[in-house]
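When we follow my numbering, the leftmost residue of the sequence shown carries the number 200, and every step to the right adds one.
Backbone N, C-alpha and C define an ideal beta-carbon position, used for all residues, glycine too.
Here the structure is a predicted model, which is why all the values come from computation and not from measurement.
So the structure is just underneath, and the comments pick up after that.
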Amino acid sequence: MSLFNRIKNILAKPEPPKMEKSILTVAPGDVVEVSLVTYTVTGQTRNSSRNSIFLTLQDGNTLRYLHIEDRERTEYELYSAIDGRLDSVDEVPTTIELEDTVYHLEEQYNGMVTTVGKTSFANAGDQYVWQYQSDNRKLLRIEWQDGRFMLYEGEFVIPADVQVLRGA
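What follows is the structure, given as C-alpha cells:
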C-alpha cells in the first residue's frame, strides 16, 4: 500500500453505521416475527397523516395483516381477512354482531394511503377505515377504498411479541 493511500485512509471519514430496521421502517422482503411466528413482509400500506402502517405478512399460504400505529406508544394489532360484505359506505353500522360476538365502533377515519408490494388494495388513494372492539377485546377492522370493502378480524399484540428478524 502506498504512502498516499495510507494518508487518504487516515483522513477519510468513517462510514456511518447502517440504521437497524425498526418495525415502522420494514418493507416488502423483510422478515418479522409476530407472536413466535415468522412472516415475510409482502406488502405495506402507509397512512402518513396517522403515522400508521398496515403490513401484509405471509407464512407459507397463510396471509395475516399487522397494523402498527405510533402515537403516545406504539400499538400492534394482528388481523386475518374474513368473508363478508357491506352494501354502502354510507351505511356502515356502529355495532356489528359476528358469530355471537358484538363489536362496537371505536374509531372511524379516512386519509390518503400509499402502497408498496402486495396489498389488499393495489393502488394508493383515499381510504376509509372503521375500527371496532368487542367486550372481550377482539378487534374488527373495515376498510373501504375504490368502491371495495375489506373486513378483518384480529387481536391486540404486545410490543415484546413483535421483532424484525432480517431486513432486505
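Check	Outcome
CB of L350 within 9 Å of CB of L338, strictly	no
D229, buried or exposed, once every other Cβ within 10 Å from all chains shown has been counted against 16	buried
V356 vs V231 beta-carbon contact at 9 Å	no
At least three beta-carbon pairs within less than 8 Å, the stretch 267-283 to the stretch 298-315	no
P292 versus S333 - alpha carbon distance	14 Å
Delimiting residues of the beta strand (DSSP E) encompassing R263	261-269
Local conformation of F355 per DSSP, three classes	strand
Span of the alpha helix (DSSP H) around K207	202-210
Option nearest L256 by Cα separation, candidates R249, T244, S248, N250	T244
Delimiting residues of the beta strand (DSSP E) encompassing L338	337-344
Sub-9 Å separation of W343 and Q330 beta-carbons	no
Minimum C-alpha distance to H303 - residue among R336, T239, I222	R336
is_contact[T255, chain B] using C-beta, thresh 9 Å	Here there is only one protein chain, and chain B is not present.
Residues of its chain near R347, where Cβ-Cβ distance is below 6 Å and the 5 sequence neighbours each way are ignored	none
Helix, strand or coil at D258 according to DSSP, with G and I counted as helix	strand
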